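K.L.:
Handing you this structure, nothing more for now.
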Amino acid sequence: MKHFLYLSFQTQLTFLIFTDQFAFRPSGSTTAALIYILHTVTQLLSTHPYVVVTALDFSRAFDTVRRKTLLRKLAQLNIPDCVYNWTVDFFGGHTCSTKLGELTSAFLAITAGVIQGSSVGPATFVVHAADLTPTKPGNLLAKYADSTYLTSHFAHQMGCLL
Numbered sequence: 006m007k008h009f010l011y012l013s014f015q016t017q018l019t020f021l022i023f024t025d026q027f028a029f030r031p032s033g034s035t036t037a038a039l040i041y042i043l044h045t046v047t048q049l050l051s052t053h054p055y056v057v058v059t060a061l062d063f064s065r066a067f068d069t070v071r072r073k074t075l076l077r078k079l080a081q082l083n084i085p086d087c088v089y090n091w092t093v094d095f096f097g098g099h100t101c102s103t104k105l106g107e108l109t110s111a112f113l114a115i116t117a118g119v120i121q122g123s124s125v126g127p128a129t130f131v132v133h134a135a136d137l138t139p140t141k142p143g144n145l146l147a148k149y150a151d152s153t154y155l156t157s158h159f160a161h162q163m164g165c166l167l
């Protein structure tokens, strides 16, 4: 993963954005993410009276990643065909069934989810989330694996957020 997929995160693509991702990059770390967020908040407070940072944890999203969508995004990266094909093979061919008492369901193909606990899982989730961008101009994202921080600014005081 480090030799191929992680290196592809350094390439700037118009459809997948890795510049706001601080995990799985040579210069990325939780410290770098925190410094970026603090710098963003400080800069916004110099021109806006209110700034809100919203923390989003997508750890459960690992289970809902559609593999076809993920593989389509992986195909757009600058990785060798053999690495892409290995990744397709890694995600393919998994089935599951459910047993309740003496009854067992038929085996069905698993078509969603990123395998957690593997070295491939978190890095491929980064690819999956690379097209997650703010819709309002001026809002910024800072991502670290499955955690995302949205920084927004407001011209006037908001009501109670809770």
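So for the sequence shown, the working numbering puts the first residue at 6; every next one is plus one.
Glycine included, each C-beta is placed from N, C-alpha and C at the ideal position.
Just so it is clear, the structure is predicted and the values come from calculations on it, not from any experiment.
Determine the DSSP secondary structure at valine 58, reduced to helix, strand or coil.
P.N.:
By 1-based counting over the sequence shown, the position of residue 58 is 53. Strand, per DSSP.
K.L.:
So, with DSSP's three-state summary, where would you put leucine 79?
P.N.:
By 1-based counting over the sequence shown, the position of residue 79 is 74. The answer is helix: DSSP assigns leucine 79 an H, G or I state.
K.L.:
Using a threshold of 8 Å, state whether the C-beta atoms of phenylalanine 159 and valine 57 are closer than that.
P.N.:
By 1-based counting over the sequence shown, the position of residue 159 is 154. By 1-based counting over the sequence shown, the position of residue 57 is 52. Their beta carbons are under 8 Å apart, which means phenylalanine 159 touches valine 57 by this criterion.
K.L.:
Can you grab the Cα-Cα spacing for the pair threonine 74 / valine 119, in whole Å?
P.N.:
By 1-based counting over the sequence shown, the position of residue 74 is 69. By 1-based counting over the sequence shown, the position of residue 119 is 114. Taking the straight line from one Cα to the other gives about 12 Å.
K.L.:
For the segment 22-51, list the alpha helix (DSSP H) runs that are entirely contained and at least 4 residues long, ordered along the chain.
P.N.:
Complete alpha helix (DSSP H) runs here, min 4: 35-50.
K.L.:
With a CB to CB cut of under 7 Å and the five nearest residues on each side skipped, what residues in its chain are close to valine 93?
P.N.:
Working through the sequence shown from its first residue, we reach residue 93 at position 88. For valine 93, where only same-chain residues beyond five positions count, the Cβ hits under 7 Å are Leu76.
K.L.:
For threonine 153 versus phenylalanine 63, is the C-beta distance shorter than 8 Å?
P.N.:
Residue 153 sits at position 148 when you count from the first residue of the sequence shown. Residue 63 sits at position 58 when you count from the first residue of the sequence shown. Yes, Cβ-Cβ distance for threonine 153 and phenylalanine 63 is below 8 Å.
K.L.:
Taking only runs that begin and end inside the segment 103-163, name each unbroken beta strand (DSSP E) of 3 or more residues, in chain order.
P.N.:
DSSP runs (the beta strand (DSSP E)) wholly in the segment 103-163: 145-149, 152-159.
K.L.:
I need the boundaries of the alpha helix (DSSP H) containing tyrosine 92, first residue and last residue.
P.N.:
Within the sequence shown, numbered from 1, the residue matching residue 92 stands at position 87. The residue asked about is misnamed: residue 92 is threonine in this sequence, not tyrosine. 86-96 is the span of the alpha helix (DSSP H), which, as asked, contains threonine 92.
K.L.:
Let me check understanding here. Comparing Cα to Cα, which of Ala114, Asp86, Thr103 lies closest to glycine 97?
P.N.:
Taking the first residue of the sequence shown as 1, we reach residue 97 at position 92. Of the candidates Ala114, Asp86, Thr103, the one whose C-alpha sits nearest the C-alpha of glycine 97 is Ala114.
K.L.:
Which one or two residues does DSSP pair with arginine 71 in a beta bridge?
P.N.:
For the purposes of this step, residue 71 is identified with residue 66 of the sequence shown, where counting begins at 1. Paired residue(s): Ala117.
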